[in-house]
Ligand SMILES: [Zn+2]
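In the UniProt record's numbering, the protein residues as written are 1 to 170.
Next up, the structure:
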């Protein structure tokens with residue numbers, strides 16, 4: 001049931017113009033997640049948009065292939081974006097990712113000075129952007145990206161559920 005008194009940022013209902021604005025970028029991130037799935041990787045995908053909304057980096061989880069513990073979709077996409085800009089600061093940029101970032105990726109998005117973090121499915125077991133922790137909105141840090149949660153959350157979550165179901169029974 002919708003609660004109209006959730007205050008700023010508390011929305012999230014279908015048809016929300018802020019959420020809808022990030023749907024095309026989330027679809028791109030979902031495409032990356034599906035590629036990860038096809039490669040046998042946990043299906044998480046990400047894109048980074050510049051201030052004008054143009055895609056400047058894409059990434060998908062590649063921990064198995066790269067044998068890299070930091071090979072999360074967000075890190076891969078942020079590295080690609082920084083490389084494209086020739087600059088470690090991603091000021092004004094938006095990270096769009098299919099799953100709520102973990103502590104490492106939430107920390108990296110603060111380090112990168114991202115303007116905004118947009119995610120799909122909530123990660124109740126390891127999420128660090130509102131679930132277990134809220135690293136990006138911690139007032140003790142001097143940079144706090146804006147957060148837009150649960151864009152295409154059902155679709156993003158369903159892909160993960162499908163992956164883990166296959167892995168268990170496949
Ligand atoms: Zn992560």
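We put the CB at the ideal spot given by N, CA and C, even for glycine.
| said: For residue 227 and residue 166, I'd like the C-alpha separation in whole angstroms. | reply: Given a span of 1 to 170 for the chain in the structure shown, any question on residue 227 remains unanswerable.
| query | Quick one: does the C-beta of residue 78 sit closer than 6 Å to a heavy atom of ligand 1? | reply | No.
| request: Within its chain, find whatever has a CB closer than 6 Å to the CB of residue 157; leave out the 5 residues flanking it on each side and keep chain order. | output: Excluding sequence positions up to five before and after residue 157, its CB lies within less than 6 Å of the CB of 121, all in the same chain and listed in chain order.
| Straight-line Cα distance separating residue 84 from residue 132 | So the two alpha carbons sit approximately 32 Å from each other.
| query | According to the neighbour-count rule (16 or more other Cβ atoms, all chains shown, within 10 Å of its Cβ), is residue 142 buried or exposed? | reply | With fewer than 16 other Cβ atoms within 10 Å, it is exposed.
| query | Excluding sequence positions up to five away, which residues of its chain have a Cβ less than 6 Å from the Cβ of residue 91? | reply | Within its own chain, the residues whose Cβ lies closer than 6 Å to the Cβ of residue 91, once the five positions on either side in sequence are excluded, are 113, listed in chain order.
| message | Let's test the definition: count the other Cβ atoms within 10 Å of the Cβ of residue 109 and tell me whether it reaches 16, buried, or not, exposed. | response | Burial check for residue 109: the Cβ neighbour count within 10 Å reaches 16 or more, so the residue is buried.
| So residue 23 is in the alpha helix (DSSP H); what residue range does that whole segment cover? | Annotation for residue 23: the continuous alpha helix (DSSP H) segment containing it runs 23-38.
| query | Is the closest heavy atom of ligand 1 to the C-beta of residue 156 under 6 Å? | reply | No; taking the cut-off as 6 Å, the Cβ of residue 156 has no heavy atom of ligand 1 nearer than that.
| task | Identify every residue that forms a DSSP beta bridge with residue 134. | result | The beta-bridge partner set that DSSP reports for residue 134 consists of 129.
| field | heavy atom of ligand 3 below 6 Å from residue 102 C-beta | value | Judged by which ligands are present, ligand 3 is missing from the structure shown, whose ligands are ligand 1.
| What's the call for residue 22, buried or exposed, on a 16-neighbour Cβ count within 10 Å? | Under the 10 Å beta carbon count, residue 22 is surrounded by 16 or more other beta carbons and is classified as buried.
| said: Between residue 104 and residue 72, how many whole angstroms is the CB-CB distance? I'm expecting something under 8 Å. | reply: A Cβ-Cβ distance of about 7 Å is found for the pair residue 104 and residue 72, placing them in contact under the 8 Å criterion.
| field | Near ligand 1: residue 72 beta-carbon under 6 Å from a heavy atom | value | For ligand 1, at least one heavy atom lies less than 6 Å from the Cβ of residue 72.
| message | Looking only at its chain, what residues have a beta carbon closer than 6 Å to the beta carbon of residue 82, apart from the 5 residues adjacent to it on each side? | response | Here the set comprises 88.
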